[in-house]
Every structure is written in C-alpha cells, then in structure tokens.
Amino acid sequence: MKLELQGITKVFGPLVANDQIDLVVEPGQIHALLGENGAGKSTLMNVLYGIYQPDAGRILIDGEPVTFNGPGQAVAAGIGMVHQHFMLVPVFTVAESVALGYEPTDAGIINKKKAAEKVKELSARFGFDLNPDAVIEDLPVGVQQRVEIIKALSRDAKVLILDEPTAVLTPQETDELIAIMKELKASGTSIVFITHKLREIRAVADTITVIRRGKVVGEATPDASEKELAALMVGRPVDLGVAKEEKAPGATVLAFDDVTVIEDNGQVVLDHVSFDVRAGEILCIAGVQGNGQTELCEAILGSTRPTGGHVTIDGHDLTDSTIKHRLRQGLGYVPEDRAKDGMIASFSVAENMILDVYDQPPFATGISMHPQAVIENAEKLRKIFDVRVTSVLDPISTLSGGNQQKAILARELSRPIKTLVAAQPTRGLDVGSIEFVHQSIVEQRDSGTAVLVVSTELDEVEALADRIAVMYRGRIVGIVPPDTPRDILGLMMAGVPYDEARTAGKEVRS
Ligand SMILES: Nc1ncnc2c1ncn2[C@@H]1O[C@H](COP(=O)(O)OP(=O)(O)O)[C@@H](O)[C@H]1O
Ligand SMILES: [Mg+2]
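The sequence shown begins at 1 in full-length UniProt numbering and counts up by one.
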C-alpha cells in the first residue's frame with residue numbers, strides 16, 4: 001500500500017506543529033522520519049493515525065483520499081502505530097492487551113482466544129517467544145514493545161508507525177528491533193521509523209525525511225554521513241564531539257566514604273562505595289543500568305539514607321541532612337527520571353525553573369512572592385538554554401522531553417553550586433540538545449564545580465569523563481583514566497577487576 005501525506009498542517013493555539021508537510025511512503029519501504037525533539041514528528045503521526053484532525057492537507061492511500069475520524073478508522077485502513085509512550089495496561093496479559101480494541105465479537109466480549117492464537121502465530125513468525133498469558137508489568141520494556149508490534153500486526157497493518165522505538169531499548173535490544181524491522185519489510189510491510197539517532201537510521205532506512213520546527217527541510221539517503229544528517233536536523237553544522245581541555249582539578253568537594261545501602265528486603269544495593277570528586281573535574285560513573293547507580297545518586301540527594309558510611313560535600317558531613325539542606329549547600333541535581341523527580345508537571349515552566357529557590361530573593365521576600373521576577377528569570381534562562389516553549393507560563397508537561405531536560409538543567413545551573421550530579425543527562429535527547437547539554441556540563445566543570453555524571457552510554461562517558469568509575473552490583477569495580485579502551489570498560493562493567501580486565505583486554509586486542 002502506498003501512503004501519501006499532502007500539505008498536512010496542524011496547529012496548537014499559536015504553535016504550528018506541522019506546517020504543510022508532504023510525505024510519501026512507498027510500499028515495502030522503511031521510511032525514516034528524522035527530527036529534533038519538538039520538531040513535530042509525533043504530531044504528524046497522530047494525524048496519520050486519526051488521533052488528531054489536520055487543519056489543512058490530506059491523506060491518500062493508493063491514490064485515494066481518506067479521512068480518519070479516529071484510530072479505529074486508521075487501523076481498519078491498514079495503519080498500525082507503536083506510540084512513543086506505550087499505551088499498554090500494566091495488569092493485562094499479553095493476549096488481553098492484543099485483544100483490547102478489537103471489534104466486539106457477537107457476544108460483545110473481547111475475543112481473548114483469538115488474540116492468544118494471534119500472539120502465538122505472530123511470535124513464532126518473528127521468533128519473539130511471547131507467552132500470551134504473561135502479565136505486561138512483569139515484562140521488560142523491550143518485550144512490551146514487541147507486544148505493541150504484535151498488536152498492530154494482528155490487525156493486518158500494512159504500514160507500521162514506530163515512534164522513537166529505540167529510546168527505551170538497550171543497544172542489544174535495538175539491534176534485535178532493527179532485525180525485526182528488516183524482516184517486516186521483507187514480508188511487505190512498510191514502516192515509518194521515527195528517531196533522532198543517526199546510526200540507526202543509516203542502518204535500516206531506505207528513505208529519510210528530515211523535519212525541523214514543523215517543516216520538511218530535506219530528504220536524504222542512508223549513505224549521507226552522520227554529520228550531514230545532524231546538520232540537516234539541527235539547521236546548522238553540529239560538532240559531534242565535545243570541546244574539552246585538560247584541566248588540573250582542585251580540592252575534593254564530593255566524597256563517599258564506605259557508603260552502604262541495604263534495602264528493606266535485605267538486598268545490598270550499594271556495597272562499601274568510596275570515591276571522591278574534586279573541584280573542576282568530571283567523574284563519570286559507567287555501568288549497565290541497575291547496578292546501583294540510581295541509589296548512589298539518591299544517596300547524594302538524600303532521598304535514600306545510607307545504612308553505613310558517610311557522604312560529605314565540601315567537608316560537611318551531609319549523611320543525615322535533608323534534601324533541602326543539601327541543595328542549599330550547593331548541590332545541583334539533574335535526576336534520571338525527570339518527569340518523576342525533576343519537576344512538577346502541572347506547574348508552569350517559569351515555576352519549575354525556581355523550584356529550589358522559590359522562597360528566596362529575588363523571587364520572594366518574607367512571605368511576599370514576586371511573580372514578575374519569576375517570569376523574568378524564566379525568560380532569561382529560556383534564551384540561554386534554548387528552551388523551546390510557546391509561553392513560560394505554560395505547564396512544563398506540554399514541553400517535549402528534550403526541552404524539559406534543558407529547563408531542569410537551566411534551573412540547576414543557574415544557582416550557585418559546588419557539586420553537580422547529572423544522571424543520564426542526555427537520555428532521550430536529540431543530537432543538537434546533547435551537544436548543548438554536554439557543553440553546559442563541561443562549562444560547569446571549567447568554572448570549578450565538582451561534577452558527577454552517571455551514564456549507561458559509553459559514548460557519553462568517553463566524551464565527558466576526566467576519570468571513569470565503573471559500577472557493578474553495587475560496587476565500584478575500579479576507577480580508571482578516560483582513555484581506557486572500551487573492551488576493558490566492557491569487562492569491568494561485567495564485574496572483572498581492572499588488572500584482570502587489562503590482561504584479558506590485551507589478549508582480545510592482539
Ligand atoms: N496536544 C498538544 N497541545 C499543544 N502543543 C502540543 C501538543 N502536542 C504537541 N505539541 C507541541 O507541538 C510541537 C511538536 O511536538 P511533537 O510532535 O511531539 O514533536 P516530536 O515528536 O518531533 O518530538 C512541540 O512544540 C509540542 O510541545
Ligand atoms: Mg515525539
């Protein structure tokens with residue numbers, strides 16, 4: 001089936017999210033839609049899927065104009081969509097999830113048996129190994145995504161829309177998804193693949209359409225270089241590395257001394273962890289997700305209390321102090337889960353930019369608040385940190401993920417800090433924003449702040465680190481120089497001590 005979008009326009013109030021977009025998806029092709037966060041990709045797909053009605057433009061299938069008044073009609077026309085944020089119900093089984101939304105059967109009930117058969121048939125075809133009776137919330141995110149794909153395919157999707165499918169996947173799961181996409185293509189399904197990751201696009205796309213600020217700004221083929229694609233996406237030449245000079249660090253600012261955290265169930269999540277971060281240096285914590293990094297950050301912030309050991313900032317023992325006290329002691333904190341810990345979704349962007357200092361001058365004196373100062377502060381930060389927002393008085397929840405992250409970073413870097421903790425600072429961000437966030441972190445280091453970055457991305461660790469601490473099962477396996485080869489880091493991430501990893505690494509390389 002050939003799909004055409006012609007002149008699609010979609011506005012939200014004053015914002016033109018899609019501005020006369022033309023897109024042709026040829027049968028059996030993987031068509032990549034590349035664009036920064038907030039470019040309008042999801043909006044366009046929601047129009048195609050019947051969730052939004054376009055303000056102008058039309059959709060054609062095999063040359064015939066069609067109108068979708070809801071996803072049901074899009075599905076009936078052969079369009080399937082796996083949303084950026086999955087829409088599965090956590091307590092349902094796989095079969096129930098797939099059955100949900102089917103046309104009611106004669107009896108008016110969901111046909112679970114038919115769904116279970118479809119699950120078996122389709123997972124056998126794609127080698128998914130999905131149990132129809134498994135409960136969604138027990139499944140890893142990568143497997144939940146396969147349930148979404150099967151759900152779309154079980155409705156005979158001829159065009160499958162995948163909206164940022166790899167954002168939640170490990171590198172290995174991403175490779176598996178790419179293999180699935182190739183298989184789908186071979187069986188005649190077209191795919192609209194949305195991403196901002198250039199490597200993936202080049203691995204799988206037949207055609208690339210780049211959109212920026214709601215407009216199509218170019219078409220490309222997968223042989224275009226990452227630099228070319230990045231420039232097209234961002235609208236200016238992008239430096240894919242980070243400019244960072246050698247700097248001599250100062251005195252210790254943040255220190256962990258033999259910190260242990262034991263959970264209520266007896267599980268040791270931090271196991272005698274010691275390290276220090278000095279003024280003007282970036283210590284990166286590398287490791288596979290789930291090896292204690294989250295708890296380590298929480299122990300710095302104070303949302304988790306150590307069972308043993310001490311956390312000090314600038315010589316002050318803060319092991320037992322409140323979160324607020326730590327923030328006032330000069331701790332800047334960019335959390336891993338920004339939607340949960342970094343902001344208050346219903347508050348405005350401006351209010352979120354002063355969350356930690358709302359009761360202090362210039363935003364308040366005594367009990368009187370100064371709203372004008374709050375707005376002025378937000379307007380200033382919005383310019384410096386390039387936060388794309390229609391109005392700083394809009395709720396922060398209306399911003400794209402990348403812009404939310406920039407708003408939080410703006411807040412944390414705009415007050416006087418001595419220590420910056422940034423957990424997965426660029427997760428889910430596009431190239432332009434990553435470059436910006438990395439530069440901001442390096443600038444912070446250069447101004448003398450002690451910086452701790454936690455990242456599961458080795459690219460990021462290599463770009464930022466002055467020293468690398470590798471974590472495995474709640475322990476620091478070793479602290480190594482930034483130019484340590486990847487194979488050695490990889491072995492350490494599996495728990496092999498540095499000396500052994502070095503010997504093994506030499507064998508691997510020779
Ligand atoms: N329901 C909505 N109401 C108002 N603004 C929206 C809505 N959905 C998206 N937007 C805005 O439209 C723009 C495009 O968003 P989106 O399509 O989600 O971008 P992308 O998927 O490329 O990251 C953004 O500025 C976003 O804030
Ligand atoms: Mg999106």
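Cβ atoms here follow ideal geometry from the backbone N, Cα and C, with glycine treated the same way.
All values derive from a computational prediction rather than experimental measurement.
As assigned by DSSP and simplified to three states, the class of residue i
i, result
"residue 397", "helix"
"residue 139", "coil"
"residue 379", "helix"
"residue 155", "coil"
"residue 80", "strand"
"residue 6", "strand"
"residue 469", "strand"
"residue 247", "coil"
"residue 434", "helix"
"residue 272", "strand"
"residue 256", "strand"
"residue 484", "coil"
"residue 106", "Only weak support exists for where residue 106 lies, its pLDDT of 46 falling under 50; the value from the coordinates is given anyway. Residue 106: coil per DSSP, three-state reduction."
"residue 347", "coil"
"residue 12", "strand"
"residue 39", "coil"
"residue 317", "strand"
"residue 331", "strand"
Boundaries of the beta strand (DSSP E) in which residue i is found, first to last residue
i, result
"residue 22", "15-25"
"residue 233", "It is not in any beta strand (DSSP E) - residue 233 instead sits in the alpha helix (DSSP H) that spans 226-234."
"residue 193", "190-195"
"residue 264", "Element bounds for residue 264: n/a, residue is neither H nor E."
"residue 212", "207-212"
"residue 455", "450-455"
"residue 370", "That residue, residue 370, is in no beta strand (DSSP E); it is neither H nor E in DSSP."
Residue i, buried or exposed, once every other Cβ within 10 Å from all chains shown has been counted against 16
i, result
"residue 50", "buried"
"residue 472", "buried"
"residue 40", "buried"
"residue 358", "exposed"
"residue 295", "buried"
"residue 29", "buried"
"residue 456", "buried"
"residue 352", "buried"
"residue 343", "buried"
"residue 404", "buried"
"residue 31", "buried"
"residue 390", "exposed"
"residue 93", "buried"
"residue 460", "buried"
"residue 183", "exposed"
"residue 466", "buried"
"residue 291", "buried"
"residue 12", "exposed"
"residue 106", "Confidence is the limiting factor: at residue 106 the pLDDT is only 46, short of 50, which leaves the residue's position unreliable and the question unanswerable from this model."
"residue 430", "buried"
"residue 423", "buried"
Whole-number beta carbon distance between residue j and residue i, since they are thought to touch under 8 Å
i, j, result
"residue 421", "residue 333", "5 Å"
"residue 55", "residue 216", "Rounded, the Cβ-Cβ distance is 17 Å, inconsistent with contact."
"residue 155", "residue 75", "5 Å"
"residue 464", "residue 282", "5 Å"
"residue 307", "residue 262", "5 Å"
Extent of the continuous alpha helix (DSSP H) to which residue i belongs
i, result
"residue 58", "Where residue 58 is concerned, there is no enclosing alpha helix (DSSP H), although the beta strand (DSSP E) it sits in stretches over 56-61."
"residue 76", "71-76"
"residue 85", "Unbroken run through residue 85: none, as it is neither H nor E."
"residue 91", "Neither: residue 91 is in no alpha helix (DSSP H) and is coded neither H nor E."
"residue 301", "293-301"
"residue 100", "Element bounds for residue 100: n/a, residue is neither H nor E."
Cα-Cα separation between residue i and residue j, rounded to whole angstroms
i, j, result
"residue 84", "residue 164", "6 Å"
"residue 321", "residue 302", "7 Å"
"residue 207", "residue 219", "7 Å"
"residue 158", "residue 426", "34 Å"
"residue 328", "residue 151", "49 Å"
"residue 300", "residue 246", "27 Å"
"residue 385", "residue 324", "25 Å"
"residue 297", "residue 340", "14 Å"
"residue 274", "residue 99", "51 Å"
"residue 398", "residue 25", "29 Å"
"residue 443", "residue 2", "49 Å"
"residue 181", "residue 493", "29 Å"
"residue 119", "residue 134", "11 Å"
"residue 449", "residue 4", "52 Å"
"residue 395", "residue 445", "31 Å"
"residue 489", "residue 270", "20 Å"
"residue 104", "residue 141", "Low confidence applies here, because residue 104 scores a pLDDT of 49, under 50, leaving its location unreliable; read the following figure in that light. If I take the Cα positions, the gap works out to 28 Å."
"residue 484", "residue 496", "14 Å"
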